[in-house]
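Residue numbers (the numbering used here): 2 to 357. Quick reminder that beta carbons are idealized off the backbone N, C-alpha and C, glycines included.
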């Protein structure tokens, strides 16, 4: 089968949404499908005119790309500044992967493929609620990464969707260091400048924790520059999978303070590596976390509840170990083999006309 994914830009730094698309592309290619990823490059060269010059620059920008992910050599990559589909290959199925790309995919000729929409979040942080909802009503076949997104799409747009929860690569994320032997003061967290990620709330919670336990150490990672030179923080810039495996296994607790997120991939990865998750109860986290069973969840935007849960795990080794062991076991159900089987079945049903 010929399958095309359209991504909204050429992103030079790691991002969860891109990572999931790349993984699906790799694994579908391994199963014999012909995969192309088309990157829209119009936003990568804002000051460049005319478009044919952007096209040339796009070609050079893809050399060695992506350097933060090992993409299967069988996966073809294309960059285009043209939004009319002229550079899209003929395919059986073509996927939008964001609210920005959905209208473009919906406008393509049928020879470019049956239009589908891979929804990884409710992107109202990039446009209005109504505009996001309108992208669900373009006639594309929709697949989501979370049950809450499937429900939202049906309620707000009156459209059916199909869900495959985000999988975890258990060959890359697993328990190396025994959970019982980890220091309770080692905490990991993703640094992100998006307000919806709640990093300011997380730091307020950590400040409260440090008043009681000044010896805590934060293993911070992210794609943004972090210029604060603080003795209690170690920062890994643009961490790769090996870096993340090391960070997660060094840590006892993973902290997340998001207010909205489609899934929360780093939280699930950390749990697979044996971290006890302390998180806000944003909708996406319920795809894999249950309060008091394999995580401690608290209200969104409440640093006091977050700090209380961190302190609880620092002080209660039995609870911390119990949650972490259960978490690592639960994440084994989020295997890529299961996900790719369901995704491939979805593609077959779409192509045959039997889907919904």
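(request) Return helix, strand or coil for residue 75, following the three-state DSSP convention. (result) In this structure, residue 75 counts as coil in the three-state DSSP scheme.
(message) Measuring alpha carbon to alpha carbon, tell me which residue in 275, 39 and 69 is nearest residue 174.
(response) Nearest C-alpha to residue 174: 275.
(message) I'd like the span of the beta strand (DSSP E) that includes residue 190, first residue to last.
(response) Per DSSP, the unbroken beta strand (DSSP E) holding residue 190 starts and ends at 187 to 191.
(request) Can you check the stretch 224 to 297 for any alpha helix (DSSP H) of at least 4 residues that lies completely inside it and give the ranges in chain order? (result) Whole alpha helix (DSSP H) segments, 4+ residues: 242 to 251 and 266 to 273.
(message) Quick check: the Cα distance between residue 301 and residue 91, rounded to an integer number of angstroms?
(response) Straight-line Cα distance between these residues: approximately 45 Å.
(message) Helix, strand or coil, according to DSSP, for residue 102 in the structure here?
(response) Of the three classes helix, strand and coil, the one that applies to residue 102 here is coil, per DSSP.
(message) Within the continuous beta strand (DSSP E) that includes residue 29, where are the two ends?
(response) Boundaries around residue 29 are those of the alpha helix (DSSP H), 17 to 31, since no beta strand (DSSP E) includes it.
(message) Would residue 148 and residue 263 qualify as a contact pair, given that the criterion is a beta-carbon distance under 9 Å?
(response) Taking 9 Å as the Cβ cut-off, residue 148 and residue 263 do not qualify as a contacting pair.
(message) Once the 5 residues before and after residue 141 are set aside, which same chain residues still bring their CB inside 7 Å of it?
(response) Excluding residues up to 5 positions away in sequence, 97, 103, 106, 107, 116, 117 and 118 lie with their Cβ nearer than 7 Å to the Cβ of residue 141 in the same chain.
(message) What residue range does the beta strand (DSSP E) around residue 1 cover?
(response) With the chain covering 2 to 357 only, the question about residue 1 has no answer from this structure.
(message) Which residue wins for smallest C-alpha separation from residue 27, given the options 15, 50, 71 and 284?
(response) Taking residue 27 as reference, the option from 15, 50, 71 and 284 with the minimal CA-CA separation is 71.
(request) Identify every residue that forms a DSSP beta bridge with residue 199. (result) For residue 199, which the question treats as bridged, DSSP gives no partner whatsoever.
(request) Verify whether the separation of the beta carbon atoms of residue 123 and residue 188 is less than 9 Å. (result) No. Outside cutoff.
(request) Might you give, ordered along the chain, the residues of its own chain that have their beta carbon closer than 6 Å to the beta carbon of residue 227, omitting 5 neighbours on each side? (result) Excluding sequence positions up to five before and after residue 227, its CB lies within less than 6 Å of the CB of 192 and 236, all in the same chain and listed in chain order.
(message) At a threshold of 8 Å, does residue 199 count as lining the ligand GDP (C-beta to nearest heavy atom)?
(response) The ligand GDP is absent from the structure shown, which contains no ligands of any kind.
(message) Suppose you measure from the CA of residue 46 to the CA of residue 69; what does that come to, to the nearest Å?
(response) Rounded to whole angstroms, residue 46 to residue 69 spans 21 Å at the Cα level.
(request) Using three-state DSSP, classify residue 118 as helix, strand or coil. (result) Under the three-state reduction of DSSP, residue 118 is assigned to strand.
(request) Output the boundary residues of the beta strand (DSSP E) element that contains residue 5. (result) 3 to 8 is the span of the beta strand (DSSP E), which, as asked, contains residue 5.
(message) Going by DSSP, what residue range makes up the alpha helix (DSSP H) through residue 134?
(response) It spans 130 to 136 - the alpha helix (DSSP H) in which residue 134 sits, taken as one unbroken run.
(request) Would you kindly work out how many angstroms separate the C-alpha atoms of residue 347 and residue 335, rounded to a whole number? (result) Residue 347 and residue 335 have their C-alpha atoms some 18 Å from each other.
(message) My output table needs one value for residue 322: the three-state DSSP class, helix, strand or coil.
(response) Reduced to three states, the DSSP call for residue 322 is helix.
(request) Would you decide whether residue 17 is buried or exposed? Buried here means 16 or more other CB atoms lie within 10 Å of its CB. (result) Classification for residue 17: buried.
(request) Quick one: using the 10 Å Cβ neighbour count with 16 as the cut-off for buried, is residue 127 buried or exposed? (result) Result: exposed.
(request) Could you tell me whether the stretch 49 to 65 touches the stretch 74 to 85, using the rule of 3 or more Cβ pairs below 8 Å? (result) Taking a contact to require three or more Cβ pairs closer than 8 Å, the stretch 49 to 65 and the stretch 74 to 85 qualify as touching.
(request) Tell me residue 305's beta-bridge partners as DSSP assigns them. (result) DSSP lists no partner for residue 305.
(message) If you reduce the DSSP assignment to three classes, tell me which class residue 329 lands in.
(response) Residue state for residue 329 is assigned as helix, using DSSP reduced to three classes.
(message) Considering only DSSP beta bridges, list what residue 97 is partnered with.
(response) Paired residue(s): 7 and 118.
(message) Looking only at its chain, what residues have a beta carbon closer than 7 Å to the beta carbon of residue 171, apart from the 5 residues adjacent to it on each side?
(response) The beta carbon of residue 171 sits closer than 7 Å to those of 273, 333 and 336, all from its chain and outside the five residues before and after it, given in chain order.
(request) Would you mind reading off the limits of the beta strand (DSSP E) that contains residue 40? (result) Its beta strand (DSSP E) spans residues 35 to 41.
(message) Report the CB separation of residue 299 from residue 281 in whole angstroms; it is logged as a contact under 8 Å.
(response) Yes, they are in contact, since the Cβ atoms of residue 299 and residue 281 sit about 6 Å apart, within 8 Å.
(message) Going by DSSP in three states, residue 314 sits in which element: helix, strand or coil?
(response) Taken through DSSP and simplified to helix, strand or coil, residue 314 comes out as helix.
(request) Using three-state DSSP, classify residue 221 as helix, strand or coil. (result) The answer is strand: DSSP assigns residue 221 an E or B state.
(request) Could you pull out every residue in the same chain whose Cβ sits closer than 6 Å to the Cβ of residue 37, ignoring the five residues on either side in sequence? (result) For residue 37, the CB contacts under 6 Å within the same chain, skipping 5 residues up- and downstream, are 5, 77 and 90 in chain order.
(request) Determine the burial state of residue 214: buried for a count of at least 16 other Cβ atoms within 10 Å of its Cβ, exposed for fewer. (result) Classification for residue 214: exposed.
(message) Quick check: what's the CA-CA separation for residue 9 versus residue 21?
(response) Rounded to whole angstroms, the gap between the alpha carbons of residue 9 and residue 21 is 14 Å.
(request) Could you give the DSSP three-state label for residue 127: helix, strand or coil? (result) The answer is coil: DSSP assigns residue 127 none of H, G, I, E or B.
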